[in-house]
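What follows is a single structure, written as structure tokens, with notes after it.
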Amino acid sequence: RSYVYLQLHSVGAKFFVIHFDLLTSDQNAFRISLSNMYSKAKVSSNAIQHPCVLGERWTMVRVHIPSLLQHYSQHLSHAHVITAIQVCSSVVARNIFTSD
């Protein structure tokens with residue numbers, strides 16, 4: 001799937017993290033993390049940490065995974081499988097879905 005859509009609401013001014021665990025075409029595990037703890041994007045060999053700021057109301061966040069992989073990593077942007085989505089800490093998720 002290319003896009004992940006999340007309808008989110010932060011709980012006060014507390015920190016939150018959302019992890020997307022991927023399996024790339026070369027069978028390597030890769031993680032994309034979105035959080036309000038990050039001030040700028042940080043990249044390692046198997047992870048991307050990207051800032052995510054939510055408003056005071058429900059917010060729809062759209063993540064285009066191929067673009068993130070292409071921009072920040074050496075992994076093939078068109079070949080991945082989402083193996084897990086983990087919503088952590090002070091955020092409420094109303095909906096999470098994927099599309100092409």
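Numbering (this note's numbering) for the sequence shown: 1 to 100. For glycine and all other residues, C-beta sits at the position ideal for the given N, C-alpha and C. Keep in mind it's a predicted model, so treat the numbers as computed, not measured.
Look at the alpha carbon of residue i and the alpha carbon of residue j, and state the distance between them as a whole number of angstroms.
i, j, result
"residue 24", "residue 57", "34 Å"
"residue 52", "residue 22", "19 Å"
Looking only at C-alpha atoms, which of the options sits nearest to residue i?
i, options, result
"residue 89", "62, 35 and 74", "35"
"residue 28", "65, 11 and 81", "81"
"residue 37", "26, 19, 15 and 22", "15"
"residue 13", "50, 44, 54 and 74", "54"
If residue i sits next to residue j, beta carbons under 8 Å apart, how far is it from one beta carbon to the other, in whole angstroms?
i, j, result
"residue 68", "residue 32", "6 Å"
"residue 19", "residue 70", "About 20 Å separates the two Cβ atoms, so there is no contact after all."
"residue 2", "residue 100", "5 Å"
Does the separation of the CB atoms of residue i and residue j fall below 9 Å?
i, j, result
"residue 5", "residue 98", "yes"
"residue 41", "residue 30", "no"
"residue 8", "residue 63", "no"
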